[in-house]
Amino acid sequence: MEADTVPKSWVNAARMRLPLPNGGTESLGSRIIELPQDPALATARDPKSAFIAYVPPGSVAKGEMLATTGGGKTISCTVCHGDGLKGFGNIPELAGQHPIYIARQLFGFKAGTSKSAAAQQMQKVAENLTTDDIVALAAYAASQAP
């Protein structure tokens with residue numbers, strides 16, 4: 711969900727981000743924030759618990775442009791991950807993944823800290839991406855149907 715503000719939140723002992731019980735909002739900035747739709751279900755680890763991902767306004771459109779064209783900074787994600795980012799063969803599906811997961815992977819590739827099988831190839835893909843680019847790509851991929 712694109713938004714300028716998000717519910718104020720805190721991180722519990724189990725490292726789960728939850729909305730503050732007293733409510734309130736804060737600026738999202740250039741972050742991705744994921745919060746459970748029903749905190750009680752999420753803290754009980756109910757497998758049907760759903761989450762809402764908040765991303766900055768314009769992120770999905772910018773992410774689509776980057777994913778489909780590379781935006782002059784990188785190659786199109788669709789070259790390897792396929793149309794709709796569905797993946798194929800050894801190439802993973804990105805569509806419908808949690809945006810924080812995708813962002814962490816891209817930051818790891820960019821920083822050279824990822825040691826996955828794809829790290830060497832993906833480091834070159836991510837090296838020119840800014841934080842805002844990574845957030846946008848993650849928002850777009852997450853917005854796509856798996």
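Here our numbering = 1-based position in the sequence shown + 710.
We put the CB at the ideal spot given by N, CA and C, even for glycine.
On the DSSP bridge assignment, give the partners of residue i in chain order.
i, result
"residue 746", "761"
"residue 735", "717"
Hey, would you say residue i sits closer than 7 angstroms to residue j, going by beta carbons?
i, j, result
"residue 802", "residue 849", "no"
"residue 856", "residue 806", "yes"
"residue 851", "residue 804", "yes"
"residue 699", "residue 817", "There is no way to answer for residue 699, as the model of the chain reaches only from 711 to 856."
"residue 797", "residue 791", "yes"
"residue 693", "residue 846", "Outside the displayed range of the chain (711 to 856) lies residue 693, so it cannot be described from this structure."
"residue 717", "residue 735", "yes"
Taking the alpha carbon of residue i as the reference point, which residue from the options has its own alpha carbon closest?
i, options, result
"residue 759", "771, 721, 746, 765", "746"
"residue 739", "764, 792, 749", "764"
"residue 753", "721, 792, 828, 784", "721"
"residue 836", "783, 733, 712", "783"
For residue i, does the three-state DSSP call read helix, strand or coil?
i, result
"residue 717", "strand"
"residue 837", "coil"
"residue 814", "helix"
"residue 844", "helix"
Mark residue i as exposed unless 16 or more other C-beta atoms lie within 10 angstroms of its C-beta, in which case mark it buried.
i, result
"residue 823", "exposed"
"residue 743", "buried"
"residue 730", "exposed"
"residue 714", "exposed"
"residue 785", "exposed"
"residue 773", "buried"
"residue 843", "buried"
"residue 789", "exposed"
"residue 815", "buried"
Taking 7 angstroms as the CB-CB cut-off, is residue i touching chain C?
i, result
"residue 738", "No chain C is present in this structure, which holds just one protein chain."
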